[in-house]
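Student:
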């Protein structure tokens, strides 16, 4: 090889190396321009409200093709207010008025559903009502990022050497952020209704008492005011099954993942880990999502109270197919679904009550601080005391976080235990990971112009806003909008729109998920946007945050 060839080869190697390190970055000005374009050209400042279902052409032209949400009135109607006659869906052009008094929006309360299912079971000669899989949490916040208390692996050896040192005892524990799912319990609809309403009544009574006392809550809280619960890990680093005869979770996906820590910090030595005086009654929320209305509650769906699809929408969505799933949602104002997106075109109808959605357009993806976190689920548990190597169950019940452990690693660890070769394993060695949005975007919508002296609650809200502005600066580029969907109204939520959902009262809703198209520029652009990371040179950090915020840099 001559000298010229060697020089060319060297240049090519340098070019290849340079190309592998090449990156795109956006200046603050560029990001601000994007923010303004989204605000002025795309995201509506006020969600359009249609008085009746539009024609297929109008729905496709004005909303689906533009990926813009809207509220549709009279989407599910009955001839008489409570006769439960399904809609016939006339395909008239938008703008024609419905005849006065002919049809009214279908309204269906939780009591109505109980009556209908009870009557149906009696008519069919069935002894039992259908069993529902209900989400249960101590405070209504499941499927979100939470702070948990976990053993500090770095301090474990020191802890063994000197357990008497309280400072080392404290250092044995650390906090970490995890994606936490609800606990799941099986019950019929009457039991669900009774527990839901009892919990809501006690919650209201407790809130009234808290206004009249300055007593501090038992569990520590994070910056957002959410209680911090313990990670349920035994000394081998594996989750441990807990036996709770009165309230045993029936979690099909995570059965056997309940457990507790053997080591307790001094502050927890007298109380059961995770015992929560502030939330003595759990929050129930029926949000099964997996086509529950046509599976678990098939008897209800078969009564033809609800349409199987919407003609004006089906041909505009995806591939013109019927809905992939039809789900029923029942909960109250304590339950919150944190900000997330779905790969579906979504039609959500409120049968009774009121839903509150906080929406962000798909283009906000780089600014929402989505990261990868260890995954777990809430679990009811008892604290275990140790006495001469024997575990004694404490009667004090509480809540903890049972981690999702990789099945392959769990089988391997069981093999080691059986062979007598097991040693203490790393706490984070094989947890299942989940990608989720870290901050609660709804907090930046809280108004900060209230006088703190006149409203102590507002003062706490202002503190949250200030915390968010400091720790999540990229949120200022997002476009959150909060909307209320009242009973008898239906929200069209386009695919990939981020949404946070709660209720203002006991609320029943039904939603239809239609598959979205992936063979489109819409998906390609979004998939790129949501994977943007921190910029190594210049510009403004896209993933943002701090080194300890759980965000993958």
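In full-length UniProt numbering, the protein residues as written are 1 to 553.
Just so you know, even glycine gets a beta-carbon here, dropped at the ideal spot from N, CA and C.
1. Report all residues from its chain with a CB closer than 8 Å to the CB of residue 318; omit the five preceding and five following residues, and keep chain order.
2. Could you say which of 506, 307, 497, 464 lies nearest to residue 480 if we only look at CA atoms?
3. Give me, in chain order, the residues of the same chain whose beta-carbon lies closer than 6 Å to that of residue 64; leave out the 5 immediate sequence neighbours on both sides.
4. Taking only three categories from DSSP, how would you classify residue 422?
5. Would you say residue 347 and residue 492 are within 9 Å of each other, going by their C-beta atoms?
6. Going by DSSP, what residues sit across from residue 350 in a beta bridge?
7. Alpha carbon to alpha carbon, how far is residue 445 from residue 406? Give it in angstroms, no decimals.
8. Under the three-state reduction of DSSP, which class applies to residue 431: helix, strand or coil?
9. Determine whether the beta carbon atoms of residue 228 and residue 512 lie at a separation below 9 Å.
10. Which whole-angstrom value is the C-beta distance of residue 144 and residue 380, which I expect to be below 8 Å?
11. CA-CA distance, residue 248 and residue 55?
12. For the beta strand (DSSP E) that contains residue 329, what are its first and last residues?
13. What's the C-alpha gap between residue 222 and residue 175?
14. The beta strand (DSSP E) spanning residue 183 covers which residue range?
15. In chain order, what residues of the same chain have a beta carbon less than 6 Å from the beta carbon of residue 285, not counting five sequence neighbours either side?
16. How about residue 507 and residue 353: do their beta carbons lie closer than 9 Å?
17. Compute the distance between the beta-carbons of residue 500 and residue 440, then report whether it is under 9 Å.
18. Using only the alpha-carbon positions, how far apart do residue 463 and residue 473 sit?
19. In whole angstroms, what separates the C-alpha of residue 140 from that of residue 282?
20. Could you tell me which whole alpha helix (DSSP H) segments of length 4 or greater appear in the segment 106-132?
21. If you check the beta carbons only, do residue 532 and residue 369 fall under 9 Å apart?
22. Where does residue 518 fall in DSSP's three states?
23. Nearest-angstrom Cα distance between residue 299 and residue 178?
24. Under 8 Å by Cβ, that's how I've got residue 378 and residue 142 pegged, so tell me the actual separation to the nearest angstrom.
25. Output the residue ranges of the beta strand (DSSP E) runs that lie fully inside the segment 460-497 and measure 3 residues or longer, sorted by chain position.
26. In whole angstroms, what separates the C-alpha of residue 253 from that of residue 430?
27. By Cβ distance, which residues of its chain are closer than 7 Å to residue 477, with the 5 residues on each side in sequence left out?
28. Could you have a look at residue 191 and say whether DSSP puts it in helix, strand or coil?
Tutor: Quick answer:
1. 345, 514, 515, 516, 517
2. 497
3. 316
4. The predicted position of residue 422 is uncertain, since its pLDDT is 37 and thus under 50; no value can be drawn from it.
5. yes
6. 509
7. 38 Å
8. strand
9. no
10. Not really, about 19 Å apart at Cβ, beyond 8 Å.
11. With a pLDDT of only 36 at residue 248, under the threshold of 50, the placement of this residue in the model should not be trusted; the figure read from the coordinates follows. Each residue's Cα considered, the two are about 50 Å apart.
12. 325-331
13. 10 Å
14. 183-188
15. 135, 331, 335
16. yes
17. yes
18. 15 Å
19. 8 Å
20. 110-123
21. no
22. coil
23. 37 Å
24. 6 Å
25. 481-486, 489-493
26. Unreliable positioning characterises residue 253 in this predicted model, as indicated by a pLDDT of 34, which lies under 50. The coordinate reading is nonetheless provided below. Their Cα atoms are separated by approximately 17 Å.
27. 31, 35, 367
28. helix
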